[in-house]
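Q:
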Amino acid sequence: MSRKDGQARPESAYAATADAFVAQWELTLQWLERLAPESFSVASVLPEWDVRQLTAHLILVRRGLVERLTSRSDEAPTPLPAYLRRYQDAAGHIGARTDAVADDRTPQDLLTELRSAPDPRPQLSEVGPATVLRGGRGPIRADDWLLTRLIELVVHSDDLSQSLPGLPPIQLQRSALATVTRTLAEMLVREAPGRSVEVRVPPFVAVQAISGPRHTRGTPPNVVEMSPLVWMRLAAGRIGWDAVAASGAVRASGSRASLAEHLPLFT
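This note's numbering applies: residue 12 is where the sequence shown begins, and numbers increase by one.
(1) What residue range does the alpha helix (DSSP H) around residue 143 cover?
(2) In its own chain, which residues sit with a C-beta less than 6 Å from the C-beta of residue 121, not counting the 5 before and 5 after it?
(3) Within 10 Å of its beta-carbon, does residue 147 have 16 or more other beta-carbons around it, so buried, or fewer, so exposed?
(4) Taking the runs of the alpha helix (DSSP H) that are 4 residues or longer, which of them lie wholly in the segment 46–83?
(5) Could you have a look at residue 12 and say whether DSSP puts it in helix, strand or coil?
(6) Under 7 Å, do residue 278 and residue 64 count as touching if we go by C-beta distance?
(7) If you drop the 5 nearest sequence neighbours on each side, which residues of the same chain put their C-beta closer than 6 Å to that of residue 25?
(8) To the nearest angstrom, report how far apart residue 234 and residue 266 are at their CA atoms.
(9) Where do the ends of the alpha helix (DSSP H) carrying residue 103 lie?
(10) Check whether the segment 35–47 touches the segment 181–189, counting contact only when three or more Cβ pairs, one atom from each stretch, lie closer than 8 Å.
(11) Looking at the structure shown, is residue 207 part of a helix, part of a strand, or coil, going by DSSP?
(12) Excluding the 5 residues preceding and the 5 following residue 222 in the sequence, name in chain order all residues of the same chain whose CB lies nearer than 6 Å to its CB.
(13) For residue 285, name the three-state secondary structure that DSSP assigns.
(14) Does the beta-carbon of residue 45 have 16 or more other beta-carbons within 10 angstroms, so that it is buried, or is it exposed?
(15) What is the DSSP secondary structure of residue 235, counted as helix, strand or coil?
(16) Measure the C-alpha to C-alpha separation of residue 43 and residue 165 and round it to an integer number of angstroms.
(17) Run through DSSP, which three-state label would residue 221 get?
(18) Inspect the CB distances between the segment 76–87 and the segment 119–134 and report whether three or more fall short of 8 Å.
(19) Please confirm whether residue 88 and residue 151 have their CB atoms less than 7 Å apart.
(20) Would you mind reading off the limits of the beta strand (DSSP E) that contains residue 263?
(21) Can residue 170 be considered in contact with the ligand MG, in the sense that its beta carbon sits closer than 6 Å to one or more heavy atoms?
(22) Based on DSSP bridge pairs, tell me the residues matched to residue 150.
(23) What is the rounded straight-line gap between the Cα of residue 241 and the Cα of residue 161?
(24) So residue 193 is in the alpha helix (DSSP H); what residue range does that whole segment cover?
(25) Going by DSSP in three states, residue 216 sits in which element: helix, strand or coil?
Structural data, given as structure tokens:
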């Protein structure tokens, strides 16, 4: 978390994020291609969408990644946390666009388009990470735009796995999951700065956040620890803090060891 607030990520991190996106895309697509046709009509964990519609939404994720790279904005970029929060207000518009892509297309039609999507890395390499683009929800830096696409891909891959719990889950590529885990932790620090709670998500990240009594040395008196999947689901509003804490999926110690007031980071 040494990157200064508002500073673009280095070219090497930008390229690594692009590699992680392509690797996760292939894993998710391979999983979808193995599904039986009837699985696409199963209701997903997302309200009003079945697996076919969630598959169609991935087409929008991939199209948007490349299409926005040709745009430019002279406005100040929107911080990543604020940009992601705007998705909730645009849920109706996003749903309508997803329905338009799905329309009366068969699962095979959707899979064919997903498979034919070109590698985005050549175009990404032509756009510097600090370039400000015109995103669908406002101006956004290119490196943050790429991160929104990776976050959506990884979160929706988990949504697909949760929608068909009787099947082996989609493999989450290590670099993709690590990048999403660290980015969400960085967002928490930006949204709730402080040093009263240490949030640990092994093996990828540990951060200190939330204002309050500060420790003078060593570990803060309040520690929260969870797995990357639990952290991602909490941050994306897929599960609630109280239920997860009660289930034992979060290990919390200290009188202020709670993130309930600060989650979800987006939905």
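Where a beta carbon is used, it is the ideal one built from N, C-alpha and C, also for glycine.
A: Looking at the coordinates:
(1) From DSSP, residue 143 is part of no alpha helix (DSSP H) but of the beta strand (DSSP E) over 143–146.
(2) 66, 67
(3) Under a 10 Å Cβ-count criterion, residue 147 is classified as buried, with 16 or more other Cβ atoms of the shown protein chains found around its own Cβ.
(4) The segment 46–83 contains these whole alpha helix (DSSP H) runs: 62–78.
(5) Residue confidence is low: residue 12 scores 43 on pLDDT, short of 50, so the model does not pin down where it sits. Its coordinate-derived value is still stated next. Residue 12 sits in coil when the DSSP states are folded into three classes, being neither helix nor strand.
(6) No. Outside cutoff.
(7) 140, 154
(8) 10 Å
(9) 102–113
(10) yes
(11) coil
(12) 205
(13) Outside the displayed range of the chain (12 to 278) lies residue 285, so it cannot be described from this structure.
(14) exposed
(15) Strand.
(16) 14 Å
(17) coil
(18) yes
(19) yes
(20) 262–264
(21) The ligand MG is not part of the structure shown, which contains no ligands of any sort.
(22) In DSSP, residue 150 forms a bridge with 145.
(23) 17 Å
(24) 185–202
(25) strand
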